[in-house]
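S.K.:
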Amino acid sequence: MSVTVRPLTGAEIGAALGDLAKLRITVFAAYPYLYDGDAAYEAAYLTEYAAATDAVLVAAFDGDRIVGAATAAPMIHQKAEFREPFAARGLDVERLFYFGESVLMPAYRGKGIGHAFFDHREAQARACGANAACFAAVIRPENHPAKPAGYVPHDAFWTKRGYAVVPGLVTNLAWKEHGEEGESLKAMQYWLRSW
């Protein structure tokens, strides 16, 4: 299997949004997100993301097929619920980059693609003058009933990349989880790396 990972910008992002939506719906359906996604929500969310100045979508290609993707954009262009926890602590969102989803089909995991996703997003953040990057990960209780046996969170990988949990820096985002009638708020823990 030969996979190429490269950043997409501008019009290339728009052309890849359909593939990203399918990946998000497929990959986030699993624990810990348990996302019950739909095309209409994805279209609205991703169109807004693609419009952000300096946004980047890093895509993993197997031939001409996108099998994984990761996004990033300046925090200043994110929704208020993403920015507010930082502003409330007096942290400068003007020089902060937000890393959105990182989704990869299971057959392609464990091959260094996740590191490539971070490398490209960090390079874009630095090129845009950011002095830090962050992302948010859903908080689930240890005894969550949908947690698969042997589940290993990505904490060790993120720590190795230089990211750390910022205690108390949490936001709440809503999405529809499998088995829910509608959207509900989920707590999301921020991880941060400065350089």
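Under the working numbering, the first residue of the sequence shown carries the number 276, and numbering increases by one thereafter. Just so you know, even glycine gets a beta-carbon here, dropped at the ideal spot from N, CA and C. Every value quoted in this text rests on a predicted model; they were computed, and no experiment measured them.
#1: Helix, strand or coil for residue 461 per DSSP?
#2: What are the partner residues of residue 470, as DSSP defines its beta bridges?
#3: Could I get the ranges of all uninterrupted beta strand (DSSP E) runs contained in the stretch 403 to 431, with 3 residues as the minimum, in chain order?
#4: Using a Cβ-Cβ cutoff of less than 7 Å, which residues in the same chain neighbour residue 288 once the five nearest sequence positions on both sides are dropped?
#5: What is the rounded straight-line gap between the Cα of residue 348 and the Cα of residue 373?
#6: Taking the straight line between their C-alpha atoms, what separation do you get for residue 336 and residue 342?
#7: Check whether the Cβ atoms of residue 291 and residue 334 sit closer than 8 Å, and answer yes or no.
#8: Tell me which residue opens and which closes the beta strand (DSSP E) that residue 451 is part of.
M.R.: On the basis of the data shown:
#1: Judged by DSSP in its simplified three-state form, residue 461 adopts strand.
#2: According to DSSP, which records beta bridges pairwise, residue 470 is partnered with nothing at all.
#3: Taken in chain order, the unbroken stretches of beta strand (DSSP E) that lie wholly in the stretch 403 to 431 and span 3 residues or more are 407 to 413.
#4: The beta carbon of residue 288 sits closer than 7 Å to those of 325, 330 and 332, all from its chain and outside the five residues before and after it, given in chain order.
#5: When rounded, the distance between both Cα atoms is 6 Å.
#6: For residue 336 and residue 342, the distance between alpha carbons rounds to 6 Å.
#7: In this structure, residue 334 lies closer than 8 Å to residue 291 by Cβ.
#8: Here the beta strand (DSSP E) through residue 451 covers 439 to 451.
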